[in-house]
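Trainee: One structure, as structure tokens, below. Some questions next.
Protein chains: 2
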Amino acid sequence: MHTAPTSIVPARTAPPLQPAPPLQSTPRTTLTRGRHRGIEDRDALHDLLAQALLAHVGIDMGTHPVVLPCLPALDIEGPDEGGTLYLHGSVGAVWVRRLLADGSDVCVTVTELDGLVLARSATHHSMNYRCAVVVGRPRVVPEGPEKVRALDLLVDQVVPGRAMHLRPSTRKEMAATCVLAVPLAEASLKMRAGDPVDDEDDVAAGGWAGVVPVQRVLGDPVDAADNEAPVPAHVVRHVADDDGVRRVGMGDDVQRR
Amino acid sequence: MHTAPTSIVPARTAPPLQPAPPLQSTPRTTLTRGRHRGIEDRDALHDLLAQALLAHVGIDMGTHPVVLPCLPALDIEGPDEGGTLYLHGSVGAVWVRRLLADGSDVCVTVTELDGLVLARSATHHSMNYRCAVVVGRPRVVPEGPEKVRALDLLVDQVVPGRAMHLRPSTRKEMAATCVLAVPLAEASLKMRAGDPVDDEDDVAAGGWAGVVPVQRVLGDPVDAADNEAPVPAHVVRHVADDDGVRRVGMGDDVQRR
């Protein structure tokens with residue numbers, strides 16, 4: 001059993017050298033429902049994106065949207081307005097080809113589920129979560145130093161400090177991968193934490209209500225079948241540190257079983 | 001430490017009375033990249049959706065797509081072609097109003113992350129995951145028995161067997177909630193499991209490679225501040241059973257720390 005942190009721990013990325021601008025509210029990212037759950041706090045947005053292992057990117061395919069999972073990587077000092085969120089995909093992937101061809105906006109959403117909010121009535125059931133929504137026009141990162149750095153950031157997003165332990169990518173490998181840069185200028189962050197909010201009558205009726213914490217945890221590294229080397233220190237350290245990183249923002253609900 | 005299941009355990013929903021049709025491949029859901037990772041297996045699709053606590057729904061907003069998190073609920077015997085995936089939202093939510101107004105298709109994606117695939121080169125890094133993509137025209141579920149049942153399914157998707165322990169929703173509560181039914185006819189399922197696949201030269205160079213398992217776990221229920229009742233059996237049971245449910249499909253990589 002761990003004591004839950006009461007405040008958000010520092011993100012894995014360095015803080016910006018100057019204060020970041022507040023989250024920009026455009027009509028596309030202004031929260032309309034549950035405004036009290038939105039927080040206009042760019043640091044909190046960065047914290048969520050810096051820890052994310054999974055984003056869902058929405059692409060307009062012309063007749064319908066598609067939503068696909070992808071790995072995001074945050075560069076708060078990236079060259080785009082508000083900083084940069086990097087995505088990548090095969091140059092042959094349909095969604096990448098679509099974006100290259102039509103240059104339309106994408107929506108990148110990162111959601112971390114923190115708890116099942118079990119109320120005394122169906123209608124007040126909810127989830128505790130943190131959700132970032134970014135809307136923007138992706139830019140193709142050209143071959144060169146930015147692409148090398150972006151691919152390193154993508155590896156380091158998975159396991160911090162890993163990129164430096166790998167051989168450099170070949171030109172052929174680089175050419176087979178498309179890196180997209182989405183500006184962080186238009187973004188919103190919404191979160192819910194804490195207890196269910198029940199109607200007075202339901203509370204008086206005496207039924208149980210509470211929260212079941214949800215947590216994503218890393219397991220011990222499993223060697224590949226063809227591996228004969230020891231698990232490197234940066235991997236061991238990351239798995240051991242996982243408690244501190246993944247439990248960010250989960251409030252007082254978190255208990256490890 | 002647990003022994004990982006070697007096959008997919010039964011979904012929480014009952015099996016269909018007659019064999020389900022194979023997943024329909026339309027141009028919108030035919031896998032184009034990594035075809036070997038797609039599995040044309042409707043039971044595997046149902047297993048993933050039956051366990052999902054989080055879907056990401058993509059909506060065409062006219063000038064850009066938005067991707068929002070939502071809770072899905074599976075009814076494999078639902079009235080829509082291929083079965084029904086239910087979503088719900090406030091009747092006042094912008095995305096709900098947009099769908100009601102323009103009747104366009106949505107994309108509902110459910111992704112479960114199972115492992116970080118750490119290869120010997122950056123390019124062969126990957127994730128182990130299961131991902132379902134459903135594209136379809138949502139139908140508004142009218143007031144009546146189907147809506148009551150759908151809302152029960154949504155509660156039971158979070159904690160099986162919970163809906164029966166709650167008071168019935170009032171007419172006002174029902175009217176404030178829009179339930180959408182998405183047909184499961186057009187769907188694809190893609191997954192990756194197992195070791196990294198490295199280049200021979202990189203294996204020969206002797207660096208470490210392996211998989212870090214990723215798992216979503218439930219913690220012990222935390223009573224609400226205004227609660228005086230004991231945790232009900234269906235909640236205790238679900239949290240205790242979580243190992244069996246959430247660890248589905250994770251192959252041999254799974255170890256609980």
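Going down the list, the protein sequences come from chains A and B. Position 146 (the first sequence) corresponds to 146 in full-length UniProt numbering; numbering is contiguous. Position 217 (the second sequence) corresponds to 217 in full-length UniProt numbering; numbering is contiguous. For each residue, glycine too, the CB sits at the ideal point set by N, CA and C. Treat the numbers as computed from the prediction; the structure is a model and nothing was measured.
If you follow the beta strand (DSSP E) that A193(B) is in, where does it begin and where does it stop?
Mentor: Counting along the chain, A193(B) falls outside any beta strand (DSSP E), and DSSP gives it neither H nor E.
Trainee: Determine, for Y86(A), whether the minimum Cβ-Cβ distance to residues of chain B falls below 8 Å.
Mentor: Y86(A) does not count as touching chain B.
Trainee: Against R98(A), what residues of chain B qualify as contacts under a CB-to-CB distance less than 9 Å, listed in chain order?
Mentor: Neighbours of R98(A) on chain B: none; closest Cβ ~11 Å, over 9 Å.
Trainee: If we call anything under 8 Å between Cβ atoms a contact, is V57(B) one with L87(B)?
Mentor: Yes; because the gap between Cβ atoms is below 8 Å, this pair is in contact.
Trainee: I believe L54(B) touches L189(B) by the beta-carbon criterion, under 8 Å. Please report the beta-carbon distance rounded to the nearest angstrom.
Mentor: Not confirmed; about 17 Å, so no contact.
Trainee: Looking at the structure shown, is T63(A) part of a helix, part of a strand, or coil, going by DSSP?
Mentor: T63(A) falls in the coil class under three-state DSSP.
Trainee: Suppose you measure from the CA of V117(B) to the CA of A44(B); what does that come to, to the nearest Å?
Mentor: Spanning the two alpha carbons is a distance of roughly 22 Å.
Trainee: Does P72(B) have its Cβ less than 8 Å from a Cβ in chain A?
Mentor: It does not; no Cβ of chain A falls within 8 Å.
Trainee: Select from the segment 208-229 of chain A all residues with a C-beta closer than 9 Å to any C-beta belonging to chain B, and list them in chain order.
Mentor: So the list reads W208, A209, G210, V211, V212, P213, V214, Q215, R216, V217, L218, G219, D220, P221, V222, D223, A224, A225, D226, N227, E228 and A229, given in the order they occur along the chain.
Trainee: Are the beta-carbon atoms belonging to G136(B) and V182(B) less than 8 Å from one another?
Mentor: Cβ atoms of G136(B) and V182(B): closer than 8 Å.
Trainee: Looking at V91(B) and C178(B), is the spacing between their C-beta atoms short of 8 Å?
Mentor: It is a contact, given that the beta carbons lie within the stated cut-off.
Trainee: Taking only beta-carbon positions, decide if A187(B) is within less than 8 Å of chain A.
Mentor: Judged by the 8 Å Cβ criterion, A187(B) is not in contact with chain A.
Trainee: DSSP state of R167(B), grouped into three classes?
Mentor: The answer is strand: DSSP assigns R167(B) an E or B state.
Trainee: Fully enclosed by the segment 85-170 of chain B, which beta strand (DSSP E) runs are 3 residues long or longer?
Mentor: The segment 85-170 of chain B contains these whole beta strand (DSSP E) runs: 106-118 and 126-136.
Trainee: Let me see if you follow: with CB-CB separation under 8 Å, is R167(B) close to chain A or not?
Mentor: At least one chain A Cβ lies under 8 Å of R167(B).
Trainee: With a threshold of 16 other CB atoms inside 10 Å of the CB of V222(B), please say whether the residue is buried or exposed.
Mentor: Classification for V222(B): buried.
Trainee: For L48(B), which of helix, strand or coil comes out of DSSP?
Mentor: Three-state DSSP puts L48(B) in a helix.
Trainee: In this structure, does DSSP put E186(A) in helix, strand or coil?
Mentor: If DSSP states are grouped into helix, strand and coil, E186(A) belongs with the strands.
Trainee: Taking 8 Å as the threshold (beta carbon to beta carbon), is H56(A) in contact with chain B?
Mentor: So yes, H56(A) belongs to the interface.
Trainee: So the candidates are R171(A), I59(A), A233(A) and T84(A); which of them puts its Cα closest to the Cα of R42(A)?
Mentor: Ranking R171(A), I59(A), A233(A) and T84(A) by Cα distance to R42(A) puts T84(A) first.
Trainee: Excluding the 5 residues preceding and the 5 following S126(A) in the sequence, name in chain order all residues of the same chain whose CB lies nearer than 8 Å to its CB.
Mentor: Closer than 8 Å at the Cβ level, and outside the excluded window around S126(A), lie V117, A119, R192 and P196.
Trainee: Give the DSSP bridge partners of D75(A), in chain order.
Mentor: DSSP output for D75(A) lists T84(A) as bridge partner(s).
Trainee: Please classify R35(B) as buried or exposed, where buried requires at least 16 other C-beta atoms within 10 Å of its C-beta.
Mentor: With a pLDDT of 43 at R35(B), under the threshold of 50, the predicted position of this residue should be treated as unreliable, and no value is reported.
Trainee: So, do the segment 199-219 of chain B and the segment 222-239 of chain A have three or more beta carbon pairs nearer to each other than 8 Å?
Mentor: Because the criterion of three Cβ pairs below 8 Å is met, the segment 199-219 of chain B and the segment 222-239 of chain A touch.
Trainee: Considering only the beta carbon of each residue, do E173(B) and T123(A) sit closer than 8 Å?
Mentor: Yes, these two residues count as a Cβ contact at 8 Å.
Trainee: Suppose contacts are defined by Cβ-Cβ distances below 8 Å. Is V66(A) in contact with W95(A) by that definition?
Mentor: In this structure, W95(A) lies closer than 8 Å to V66(A) by Cβ.
Trainee: Between M61(A), M164(A) and R171(A), which lies nearest to A101(A) when the distance is taken from Cα to Cα?
Mentor: Minimum Cα distance to A101(A) is reached at M61(A).
Trainee: Under the DSSP definition of a beta bridge, which residues are partnered with A175(A)?
Mentor: Paired residue(s): none; A175(A) is not in a bridge.
Trainee: A163(A) to C131(B), Cα distance in whole Å?
Mentor: Each residue's Cα considered, the two are about 26 Å apart.
Trainee: DSSP beta-bridge partners for L53(B)?
Mentor: L53(B) is not bridged to any residue.
Trainee: Label D198(B) either buried or exposed according to how many other C-beta atoms from any shown protein chain fall within 10 Å of its C-beta, with 16 as the threshold for buried.
Mentor: With 16 or more other Cβ atoms within 10 Å, it is buried.
Trainee: Under 8 Å between C-beta atoms, does V239(A) make it to chain B?
Mentor: It does; some Cβ of chain B falls within 8 Å.
Trainee: So which residues of chain D does V155(B) contact, with C-beta pairs closer than 7 Å?
Mentor: No chain D is present in this structure, whose protein chains are A and B.
Trainee: Report the rounded CA-to-CA distance for P138(B) versus V106(B), giving the unit in angstroms.
Mentor: Each residue's Cα considered, the two are about 7 Å apart.
Trainee: Taking 8 Å as the CB-CB cut-off, is E81(B) touching chain A?
Mentor: Not one chain A Cβ lies under 8 Å of E81(B).
Trainee: Where does A240(A) land, buried or exposed, given buried means 16+ other C-beta within 10 angstroms?
Mentor: Exposed, by the Cβ-count rule.
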